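Numbers in the working numbering are just positions in the sequence shown, counted from 1, shifted up by 141. All residues carry an ideal CB built from backbone N, CA and C; glycine is no exception. These numbers were taken from a predicted model, which means no experiment stands behind them.
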Amino acid sequence: NSPATDAVLRAEALGRRTTDLGDLLRRSKSAHGVSVQNRTPIITDTRVRGQRVGQVLASGSYWAPARMDLDTMMSKIDSRLVQDVVLIKGPYASRYGPGFRFVDLEFLQSPRFDQGYEGHGATSVTYNTNGQQLYGRQSYWGGNEDYGFHISYGHRTGNDYETGQEGFFIPASYKSRDLFAAVGFDLSDHQTIELNLLRLDQTDVEFPGLVTDLNFLVTDGYEVTYINEMPSFADRFTAEVWYNRTRFEGDTTRPGKHRQIPLLQQTFYPSTFGANDGFTVTDGDALSGGYRLESTYNTATGQVSCGTDLIYLNQELNEYDFFDPDTNDNNYPIPRSDSLDIGLYIENINQVREDLLLTGGVRIDGVFADSTDTVAGVDFPISYWEDTTLDKEYFLGAAYMTAKKTVGNGWSSNAGVGFAMRQPTLTELYSEYTYIGSLQRGLTFLDGDPDLSPERLYQCDLGLQYQDDSTQLGVQAHHAFIENYITYDLLDPAGTTDGFQTGARFVNTDLATLWGMEAYGQTDLSSMLSVFGTANYLEGRDHSRLDPARLSAFPTRSANSTVKAEPLPGIAPLEARLGLTVHDPSPQRRWGVEFFARVVDNQDRVAATLEEIATPGFTVYNIRSYLRYGSLLVTSGIENVTDKFYREHIDYRSGLGVYQPGIGFYTGAELTY
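Here you go:
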């Protein structure tokens with residue numbers, strides 16, 4: 142019911158060769174205003190209307206990254222494992238926690254069969270020629286009228302992929318395995334309990350634009366959901382409890398890393414004077430746990446839901462300069478730190494008239510954060526270096542109201558206004574000169590500030606949609622003002638090469654704005670032919686750029702006193718997708734072929750004081766097809782048909798630079814039985 146809300150279904154993951162959940166959102170025709178940074182072929186960092194982790198929450202089990210660059214909030218979740226994804230592109234929901242945009246995902250649920258026990262299975266495989274990427278999945282599900290289960294195992298492998306420039310390979314190999322299980326029981330005719338388990342095991346994952354690669358990453362996730370459709374105290378009651386934990390280790394020793402970033406070894410201490418063999422090792426451990434309790438009460442014109450939740454985050458990261466002789470000062474960590482968020486919320490849905498639906502909500506949170514003060518490999522307490530105390534408290538609030546009106550003759554409109562706050566992340570608070578990929582330059586170490594203030598967002602949306610039997614179209618405009626926006630202050634700006642030995646400190650800027658539009662359209666020209674198009678535009682601007690970070694050595698931010706306002710970093714340019722689909726005219730849609738072009742404008746609105754550089758535009762052509770034959774689904778396609786040599790605006794520039802894959806042919810099949 143929120144304005145600018147997009148729903149993405151699992152079916153798109155089958156035909157579009159998607160990897161993780163972020164990749165599904167990027168490739169889907171149903172998700173608008175989404176851009177991603179492909180850190181590897183299987184790990185994507187999702188940006189929703191220019192905002193990323195901390196401002197965007199992946200809910201369900203509240204997934205948070207263990208490290209902002211080697212791990213993302215949605216890279217742990219295979220796109221084939223979700224039933225659907227709801228993308229809320231504003232502060233128009235109160236049940237998910239303090240944030241500005243929300244990705245609400247629902248895992249595959251256990252099935253029920255009214256005619257007694259049934260068992261089914263599915264076997265699928267996909268192969269992509271560029272990078273020799275192989276993906277297989279085996280699933281089983283079954284049950285009867287009272288219980289059900291779904292078990293699935295997936296396996297991915299891949300090698301270096303070739304860009305559009307002949308002979309230019311990007312080191313991006315990987316091995317990834319996951320195990321998923323869902324088990325559900327009906328405790329009575331109105332009570333159910335659902336248990337979900339996810340195990341992810343990744344090894345030998347190369348990140349071409351980052352300092353370190355992953356030797357291994359292991360995630361264990363657990364979720365239990367209880368639903369009562371007839372409680373004595375309400376009309377519906379839902380309880381969710383979750384726990385997930387991620388551990389990883391990595392280093393900089395792979396040959397592909399040295400080929401991609403030739404000067405990397407010179408950045409770290411050598412084993413002996415004059416040697417060129419320095420490297421760093423990293424390890425991390427992060428967990429998320431919590432619960433959500435919600436009661437819903439039906440009213441004469443809608444419903445009211447109220448609830449409470451608790452979100453606990455715990456994180457630690459170490460990064461050692463391996464040959465540094467001073468073992469008391471060779472670690473650049475995020476110390477063991479945690480945050481506890483206790484929230485209360487209420488939401489109201491009110492069908493005022495047959496043609497007018499109003500929704501509203503309010504939320505309050507108390508967030509408490511703290512960090513270990515003494516860390517191995519750091520010569521003084523963290524509070525000494527940061528010149529402040531580490532335990533912090535935040536009182537946060539959020540409120541919104543939306544309206545959806547049916548105008549008539551297939552037309553409808555929506556509007557929304559909202560306010561929300563979000564606390565700084567543990568990385569933004571406590572990182573200590575840690576090499577974390579963030580800015581476009583890639584190799585930038587980050588320093589947190591425990592005295593950062595929470596961000597405050599004010600947003601409005603206005604949209605218009607049309608739908609009939611053969612045509613769907615819509616346009617959505619949005620504008621947001623953000624006070625205390627958290628951005629970057631370069632520590633030693635200008636003068637270094639290849640992004641080495643340059644760091645940034647997190648800083649609040651007084652005012653930033655984000656505004657833009659999204660449009661989509663699709664129409665059937667005949668029973669066999671349809672055309673579609675989407676467009677996204679976003680502009681972000683820092684209006685108060687001069688004030689430096691609290692501990693900066695310069696009187697102005699990034700030592701630049703002349704630029705008072707400039708674009709925000711990491712904003713994707715204008716993008717459009719135009720295509721046509723030829724498909725089976727029968728209702729079964731047994732076959733289809735899709736041709737589309739992704740047209741991306743040049744991006745010259747850059748944060749120059751953060752050494753962001755402009756990116757030329759490009760157009761990439763793709764072909765996708767599918768064929769259904771009974772219980773067999775066959776998919777195939779060609780990506781980057783013209784073998785375009787290009788990179789995205791938010792791709793890292795470190796070393797030789799990260800470029801996107803050139804031409805690649807893929808084919809796959811899924812047999813259901």
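Classify residue i as buried or exposed, calling it buried when 16 or more other Cβ atoms lie within 10 Å of its own Cβ.
i, result
"Met-562", "buried"
"Tyr-525", "exposed"
"Thr-638", "Only weak support exists for where Thr-638 lies, its pLDDT of 42 falling under 50; the value from the coordinates is given anyway. Result: exposed."
"Ala-635", "Low per-residue confidence applies at Ala-635: pLDDT is 47, beneath 50, and the placement is therefore not dependable enough to give any value."
"Lys-170", "buried"
"Arg-208", "buried"
"Met-658", "buried"
"Ser-143", "buried"
"Glu-495", "exposed"
"Phe-150", "Sequence check: residue 150 is Leu here, not Phe. Leu-150 is exposed by the Cβ-count criterion."
"Ser-94", "Here the chain comprises residues numbered 142 to 814, so residue 94 is not present and cannot be evaluated."
"Gln-273", "exposed"
"Leu-355", "buried"
Any idea which residues DSSP pairs residue i with across the strands?
i, result
"Met-542", "Gly-501, Val-558"
"Pro-726", "BP columns for Pro-726 are empty, so no partner."
"Gln-332", "Ser-329, Asn-369"
"Ser-480", "Leu-454, Ala-510"
"Arg-297", "Tyr-276, Ser-317"
"Phe-357", "Thr-344, Glu-390"
"Thr-783", "Paired residues: none, contrary to the question."
"Thr-187", "Val-177"
"Val-616", "Leu-605, Ala-660"
"Ala-322", "Ile-292, Leu-338"
"Thr-547", "Ser-553"
"Asp-418", "Its beta-bridge partners do not exist; DSSP assigns none."
"Phe-695", "Partner(s): none; Phe-695 has no beta bridge."
"Trp-732", "Leu-768"
"Ala-738", "Leu-719, Tyr-762"
"Phe-811", "The identity of residue 811 in the sequence shown is Glu, whereas the question assumes Phe. Glu-811 pairs with Ser-265, Leu-774."
"Asn-491", "Gly-443, Leu-499"
"Gly-305", "Its beta-bridge partners do not exist; DSSP assigns none."
Return the first residue and the last residue of the beta strand (DSSP E) that residue i is part of.
i, result
"Trp-204", "Neither: Trp-204 is in no beta strand (DSSP E) and is coded neither H nor E."
"Thr-664", "644-665"
"Thr-760", "759-770"
"Glu-286", "Note, Glu-286: premise wrong, no beta strand (DSSP E); not H, not E."
Are the beta-carbon atoms of residue i and residue j separated by less than 8 Å?
i, j, result
"Ser-668", "Pro-726", "yes"
"Glu-303", "Gly-778", "no"
"Ile-623", "Arg-597", "yes"
"Thr-643", "Ser-685", "no"
"Tyr-130", "Gly-283", "Outside the displayed span of the chain (142 to 814) sits residue 130, for which this structure offers no information."
"Arg-190", "Leu-499", "no"
"Thr-394", "Phe-378", "no"
"Gly-547", "Thr-612", "Correcting the residue type first, residue 547 is Thr in the shown sequence and not Gly. No, Cβ-Cβ distance for Thr-547 and Thr-612 is not below 8 Å."
"Glu-780", "Tyr-807", "yes"
"Arg-167", "Thr-185", "yes"
"Leu-275", "Ile-218", "no"
"Ala-653", "Leu-709", "yes"
"Leu-631", "Gly-674", "no"
"Thr-360", "Thr-333", "no"
"Gly-583", "Gly-350", "yes"
"Gly-733", "Thr-722", "yes"
"Asp-742", "Leu-715", "yes"
"Asp-210", "Ile-791", "no"
How many whole angstroms separate the CB atoms of residue i and residue j, which I take to be in contact at a CB cut-off of 8 Å?
i, j, result
"Thr-585", "Ala-645", "5 Å"
"Tyr-762", "Ala-738", "5 Å"
"Leu-336", "Val-365", "5 Å"
"Asn-471", "Asp-424", "With 8 Å as the limit, Asn-471 and Asp-424 do not qualify as a contact, their Cβ atoms being about 14 Å apart."
"Leu-454", "Ala-205", "6 Å"
"Leu-812", "Ala-263", "7 Å"
"Trp-383", "Gly-325", "That belief does not hold up - the Cβ atoms of Trp-383 and Gly-325 are roughly 16 Å apart, past 8 Å."
"Leu-828", "Thr-449", "With the chain covering only 142 through 814, there is no way to say anything about residue 828."
"Gly-818", "Leu-605", "Outside the shown range of the chain (142 to 814) lies residue 818, about which nothing can therefore be said."
"Thr-442", "Val-194", "Going by Cβ atoms, the distance from Thr-442 to Val-194 rounds to 38 Å, so no, they are not a contact pair."
"Gly-518", "Tyr-461", "6 Å"
Taking residue i as part of the alpha helix (DSSP H), name the residues at either end of that continuous run.
i, result
"Pro-396", "396-401"
"Ala-154", "152-156"
"Arg-168", "162-168"
"Ser-671", "Careful: Ser-671 lies outside any alpha helix (DSSP H), inside the beta strand (DSSP E) at 670-683."
"Thr-568", "567-571"
Do residue i and the ligand FMN come close, with the Cβ less than 7 Å from some heavy atom?
i, result
"Gly-272", "By its list of ligands, the structure shown contains no ligand whatsoever, and the ligand FMN lies outside what it can speak to."
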